[in-house]
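Reading through the structure tokens given below for one structure.
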Amino acid sequence: MVEAVKGTRDILPEEIGRWHYVEDAARAVFGLYGFREIRTPVFESTELFQRGIGEGTDIVAKEMYTFSDRKGRSLTLRPECTAPVARAFIEHGLDRGGGLQRFYYVGPMFRYERPQKGRMRQFSQIGVEVLGSDHPAVDAEVLEMLARFLERIRLGAPEILLNSVGCPVCRPGYRDRLVAYLGPKRDQLCDDCRRRLETNPLRCFDCKVPSDQEILRDAPRISDHLCAECRDHFQRVRGFLEAAGIRHRIEPRLVRGLDYYRRTAFEVVLPGLGAQNALLGGGRYDGLVESLGGPPVPGFGFAVGLDRLVLSLPDDAPIPDESPEVVGLAIGEAAVGPILQVAGRLRGLGRRMVFDPQPARSLKSQLRGVHDRRARFALIVGDEEVAGQVFTLRDMRGGSQERLTEAALVARLREDTRA
Ligand code: HAM
10 MVEAVKGTRD
20 ILPEEIGRWH
30 YVEDAARAVF
40 GLYGFREIRT
50 PVFESTELFQ
60 RGIGEGTDIV
70 AKEMYTFSDR
80 KGRSLTLRPE
90 CTAPVARAFI
100 EHGLDRGGGL
110 QRFYYVGPMF
120 RYERPQKGRM
130 RQFSQIGVEV
140 LGSDHPAVDA
150 EVLEMLARFL
160 ERIRLGAPEI
170 LLNSVGCPVC
180 RPGYRDRLVA
190 YLGPKRDQLC
200 DDCRRRLETN
210 PLRCFDCKVP
220 SDQEILRDAP
230 RISDHLCAEC
240 RDHFQRVRGF
250 LEAAGIRHRI
260 EPRLVRGLDY
270 YRRTAFEVVL
280 PGLGAQNALL
290 GGGRYDGLVE
300 SLGGPPVPGF
310 GFAVGLDRLV
320 LSLPDDAPIP
330 DESPEVVGLA
340 IGEAAVGPIL
350 QVAGRLRGLG
360 RRMVFDPQPA
370 RSLKSQLRGV
380 HDRRARFALI
390 VGDEEVAGQV
400 FTLRDMRGGS
410 QERLTEAALV
420 ARLREDTRA
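This is how it looks when you write it as structure tokens:
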């Protein structure tokens, strides 16, 4: 048997209600803030990610699904969607009118990582991007929207970990300071950090090795070495967040795994997620559009890992019931026609109805099946009903049954079946 590829998985109908619930909430909340959906292709030119995310990042260096098409072009399954949105923004001249552009997206991303709980090779993100302003109010407003979304899906108000990672003016100086601090301790660092020291020293902060973390505890902090503009920007973001009552904690060691970030960077972690505890991440990326050949348009956004979010939903989340309301039970071939016909009318009223014209089971076990599907009614038709042109409607809640003509049945089910 051919099985699903390692790191991918099927989302079965039993689980899908949780996904719809989260996606619907996101669309509703993001819509309040003027975000509109954008759908970009699942694969792009490899160069987009090399230039956008950065050659020195783990994503580009070792996690991309890159392949050549039949004409020898190098293509990559998107590992994230900020660079594709920036590409689409440039390609369609979406900044023509000036002002802010707000996008959101939902869809699969691909990274060749070691699979574990909450970490997949194909995973889904729901993300937002605002292009066109470097005002700190944009950062704060998007974070406020994020908090509203998490609240709406009853994740409470998880703490936002916030930092500023500086800009091309202040980061090089900070980088030198960090290298000067870590350089003499090089031999005590893990292999990965020794490599990072050469390519991207700030990424050392992401190391999970306890002895490295110990060394990094006393390392210089970027927040102490920001230029005046970055410091002012960060203070204003924090001021707006405090005014809006958004819970956040400054995390001076927070760095992100993608090179495009400038100034604000943030993550939300959830303890229950285990090692893969980052539920979402984002920040400001003011140089990205320009580095991809577009105008100097600043940007800010975040992406939530949907797989992790769905795993973290509380038990009392009001997941919409997508089960059928009415299940038709045909006893004998003669019942099939009348059930098919009335099913059409009931669906016309908006009632969800299913039926199986060739049930292989007894009526009793079919009724158990109706109960298991949490349907409110069974609509039973046997020879007697066919002869009398009636339907037996069984209310699964109390077990009471009524014999109804088609007109009476339609009138009865016109009401809300959940009531
Ligand atoms: P990221 O931190 O690489 O940021 O990914 C965002 C979220 O995607 C993570 O916090 C995590 O929940 C989820 N995620 C990442 N990798 C995996 C995986 N292998 N399996 C399951 N979930 C995963 C970005 O992608 C940026 N584009 C976010 C952004 C948008 N920044 C600005 N705008």
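The sequence shown begins at 10 in this note's numbering and counts up one residue at a time. Beta carbons are placed, not taken as given, at the ideal position from N, Cα and C, and that holds for glycine.
What do you reckon, is the C-beta of residue i under 7 Å from a heavy atom of the ligand HAM?
i, result
"Leu-289", "yes"
"Phe-132", "yes"
"Val-313", "yes"
"Gly-91", "In the sequence as displayed, the identity of residue 91 is Thr instead of Gly. Under cutoff, so the answer is yes."
"Asp-316", "yes"
"Met-439", "Given that the chain is displayed from residue 10 to residue 428, the structure contains no residue 439 and the question cannot be resolved."
"Gly-429", "Residue 429 lies beyond the stretch modelled for the chain, which goes from 10 to 428, so this question has no answer here."
"Glu-122", "yes"
"Tyr-294", "yes"
"Leu-267", "yes"
"Glu-138", "yes"
"Gly-310", "yes"
Using only the alpha-carbon positions, how far apart do residue i and residue j sit?
i, j, result
"Phe-364", "Gly-81", "51 Å"
"Thr-49", "Val-115", "10 Å"
"Lys-194", "Arg-271", "28 Å"
"Gly-107", "Ser-142", "10 Å"
"Glu-238", "Tyr-294", "15 Å"
"Leu-164", "Pro-329", "17 Å"
"Gln-375", "Glu-411", "18 Å"
"Arg-205", "Arg-382", "53 Å"
"Gly-290", "Arg-186", "26 Å"
"Ile-99", "Gly-302", "8 Å"
"Thr-91", "Glu-64", "16 Å"
"Ile-61", "Leu-235", "Note on identity: in this sequence residue 61 is Gly, with Ile being the wrong assignment. One C-alpha to the other measures close to 23 Å."
"Trp-28", "Met-118", "16 Å"
"Arg-45", "Gly-136", "11 Å"
"Asp-215", "Arg-265", "8 Å"
"Leu-140", "Pro-307", "6 Å"
"Ile-25", "Asp-196", "49 Å"
"Tyr-113", "Glu-342", "50 Å"
"Met-10", "Ala-417", "50 Å"
"Ile-224", "Pro-167", "29 Å"
"Ser-300", "Leu-267", "14 Å"
"Arg-111", "Pro-145", "16 Å"
"Asp-233", "Asp-241", "13 Å"
"Ser-409", "Arg-421", "14 Å"
Keeping to the same chain, check which residues put their C-beta closer than 8 Å to that of residue i; ignore five residues upstream and five downstream.
i, result
"Ala-13", "Asp-19"
"Lys-15", "Pro-124, Arg-130"
"Pro-93", "Thr-49, Pro-50, Glu-53, Leu-57, Arg-87"
"Ser-321", "Leu-164, Leu-279, Gly-281, Leu-282, Leu-288"
"Arg-423", "Leu-358"
"Arg-356", "Met-362"
"Thr-17", "Met-129, Arg-130, Gln-131"
"Leu-84", "Phe-52, Glu-53, Ser-54, Thr-55, Thr-75, Phe-76, Ser-77, Asp-78"
"Tyr-30", "Ile-162, Leu-322, Ala-326, Pro-327, Ile-328, Pro-329"
"Gly-397", "Arg-412"
"Pro-368", "Leu-338, Ala-339, Gln-375"
"Val-178", "Cys-236, Glu-238, Cys-239"
"Ser-332", "Arg-361, Arg-382, Arg-383, Ala-384"
Kindly list the residues whose CB is nearer than 7 Å to the CB of residue i, restricted to its own chain and excluding five residues on each side of it in sequence; keep chain order.
i, result
"Arg-354", "Val-419"
"Pro-347", "Val-390, Val-395"
"Ala-429", "Absent from the structure is residue 429, since the part of the chain shown begins at 10 and ends at 428."
"Arg-128", "Glu-122, Gln-285"
"Gln-59", "Val-69"
"Glu-260", "Leu-170, Leu-171, Asn-172"
"Val-373", "According to the sequence shown, residue 373 is Lys rather than Val. Cβ within range, chain order: n/a, list empty."
"Arg-161", "Ala-34, Val-38"
"Leu-250", "Ala-149, Leu-152, His-257"
"Asp-210", "Per the sequence shown, the amino acid found at residue 210 is Pro instead of Asp. Cβ neighbours of Pro-210 beyond the five flanking positions: Arg-184, Leu-187, Val-188, Leu-191."
"Arg-437", "With the chain covering 10 to 428 only, the question about residue 437 has no answer from this structure."
Excluding sequence positions up to five away, which residues of its chain have a Cβ less than 6 Å from the Cβ of residue i?
i, result
"Asp-148", "Val-246, Thr-273, Phe-309"
"Asp-483", "Because the chain in this structure spans residues 10 to 428, residue 483 falls outside the shown range and cannot be described."
"Phe-243", "Ser-173"
Please give the ranges of any alpha helix (DSSP H) in the segment 309-343, keeping only runs that are unbroken, at least 4 residues long and fully inside the region.
315-321
Residue ranges of each beta strand (DSSP E) within the segment 95-131, 3 or longer:
110-119
For the segment 242-307, which segments carrying the alpha helix (DSSP H) assignment without a break, of at least 4 residues, lie completely within its bounds, in sequence order?
With a minimum length of 4 residues, the continuous alpha helix (DSSP H) runs that stay inside the segment 242-307 are 297-300.
Mind listing, in chain order, the continuous alpha helix (DSSP H) runs of no fewer than 4 residues lying wholly within the segment 162-213?
Counting only runs of 4 or more, we get 180-191, 200-208.
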